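Per this note's numbering: the sequence shown = residues 9 to 519. Take a look at the structure below.
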Amino acid sequence: MNGAESLLTSLIDAGVEVCFANPGTSEMQLVAAIDKIPGMHPILCLFEGVVTGAADGYGRMADKPAVTLLHLAPGFSNGMANLHNAKRAHTPIVNIIGNHATHHLPLDSPLTADVQGYAALTSDWVRSNGSVQSLGLDGVEAVAASMTGRSANLIVPADHAWTDGAEPAKPLPVPAPEKVADETIGKIAVALRSGEACCLFLGGKALRMEGLLAAKRIEAATGAKLICETFPARLQRGRGRPSVDRLEYFGEMAQERLKGFKHLITVGAKPPVSFFAYPGKPSTLWSETCAIHELANQQNDQILALEALADYLGAPEVAVDEKPPVPSLPDGPMTADAVNAVVAQMLPENAIVSDESCTSMVMSYGFFDNAAPHDWLTLTGGAIGQGMPVAMGAAVACPDRKVVNLQADGSAMYTNQALWSMARENLDVCVVIYNNSSYAILNYELMRVGVDEPGERALSMLDLSKPDIHWADMAEAMGVKASRVTTTDDFKARFKEAMASKGPRLIEVIL
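Put into structure tokens, the structure is as follows:
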């Protein structure tokens, strides 16, 4: 057994089932091992940003890692933006990064670079394999490290992959999250019972059904307000599930939302700050008189912490609150809100929504609170180009669930290659492209940084027309059935058809 075969066998035995790959010459032994050893589903992606984004979507839904196969430092660097998003989402991922053979590295051939230095930029777990005999052990240790909510980067020299004499390693136990101390529970209960305005600021696994139910008990017992982070990794929402307000993206609106609180209690989230600095505006979003308390961080069992706090407070079980109805199916002109109303009405039970709609969801996010039960995945790190790959990975993790990708046109161009992989794997994903031919969010940001009268040259850098991008044609060229709609009635018909059928679809909405 060579090193590549021992590594692959060890990963499979540790429960890893999927490999998103864009391999090169230094990874050919791993490619051959996947062909030889059953148990790993290889999925080819045409760009490394799709590889890493798909692994992110898979990990968010499977709660275990996929493995990526990346070619040297340049291949890894092409995937770094979506690894940034995955880091912010605390997604388990194992990145296998090929490297030159050890005797070839000193020759400084064209693709030679500091792979370890690149890998360290996205994770604190980086290992360059030191021997063929240790490859299997390195693999299972990478899996165990990923299960703490991070990307684990394993660099594999080509000669270690092709050399014989290796053995697979046994899986390692999955580390249990840390339990929150009783003292912490007691201190936070004091704040909640103080009679002062309190906010539970939720993220991470606190936004799963069990966490939300416990948070609702705390809200009912103390009057604390529930707010979730602006870009949650995975929020379970819809009919029959507790609703939670989402903190606004724009700093001024978020400050207004938080200004009355005297205590802000974080659960699986960091205290909220504005996305960017602006002239004359504060970067922190809570008031100067608000105390920050941490109930549970990413290393803690956030659901258990909420349940323990609810029990400590003697909070009774509560019924799920009444919610506003989903807007009725709209007529009239095509707008982003009309599109979102249709999606909310027709969303199937247990769907997964990958949301990179950007400005197109600003006014209609709440439409989905009373839609069919679903999981909502968002752009956690702000590095655009996540939506389609995350949808693709979620569909691989949950092949029996419909995935809907609500996708802004500008950010979609970063990783449009995901359409080809969706078609190749026949994934049940419906991509809705909001085509407004603009980086619309940046038009707002230009004003917010104080540019009141931008000129033609400035505006040209935010304009995606001249020439127009034809998404339906692009999707068809990559094997995805597609349509282009210009009226609300057309969109209703096409989206209903997509929800009733299996396989990849794209609907380009002209706004």
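Positions of the beta carbon are idealized from the N, C-alpha and C atoms, including for glycine. Note that the structure is a prediction, hence the values are computed from the model and not measured.
Q | From Leu15, Arg492, Val182, residue whose alpha carbon lies closest to that of Gly47 | A | Leu15
Q: Could you check the C-alpha separation between Val411 and Glu464 for me, to the nearest Å?
A: 39 Å
**Q.** Pairwise C-alpha distance: Arg68 and Pro462
**A.** 40 Å
Q) Can you tell which of Ala402, Glu25, Lys187, Arg135 has its C-alpha closest to the C-alpha of Ser362? A) Ala402
(Q) Give the list of continuous alpha helix (DSSP H) stretches no shorter than 4 residues that lie fully inside the stretch 120-176. (A) 123-128, 143-154, 166-170
Q. Is the beta carbon of Ala121 within less than 7 Å of some heavy atom of the ligand HEM?
A. Judged by which ligands are present, the structure shown has none, so any question about the ligand HEM falls away.
Q. Roughly how many whole angstroms lie between the Cα atoms of Arg247 and Ala346?
A. 20 Å
Q: Would you kindly report the start and end of the unbroken beta strand (DSSP E) that includes Glu516?
A: 513-518
Q.
So Phe209 and Val275 are supposed to be a Cβ contact under 8 Å. How far apart are they, rounded?
A. 7 Å
**Q.** Residue span of the beta strand (DSSP E) that contains Ser362, given as start and end
**A.** 359-364
**Q.** One or two residues paired with Thr292 in a DSSP bridge
**A.** Val281
Q: Return the chain-ordered list of same chain residues with a C-beta closer than 6 Å to the C-beta of Thr292, the five sequence neighbours on each side being excluded.
A: Val281
Q) In chain order, what residues of the same chain lie with their CB nearer than 8 Å to the CB of Ala380, ignoring the 5 residues before and after it? A) Gly246, Arg247, Leu355, Pro356, Glu357, Asn358, Ala359
Q. Using DSSP with H/G/I as helix, E/B as strand and the rest coil, what is Asp383?
A. strand
**Q.** Range of the contiguous beta strand (DSSP E) that encloses Pro50
**A.** 49-52
**Q.** Length-filtered (4 minimum) alpha helix (DSSP H) runs lying within the stretch 408-451
**A.** 417-420, 426-433
Q: Assign Met371 to buried or exposed, taking buried as 16 or more other Cβ atoms, counted over all protein chains shown, within 10 Å of its Cβ.
A: exposed
Q) What did DSSP end up calling Thr60 once you bin it into helix, strand or coil? A) helix
Q | Endpoints, the alpha helix (DSSP H) within which Lys500 is located | A | 496-508
Q | Ile196: first and last residue of the uninterrupted alpha helix (DSSP H) it sits in | A | 190-200
Q | Residues near Ser368 by beta carbon distance below 7 Å, same chain, minus five either side | A | Ala344, Ala416, Tyr442
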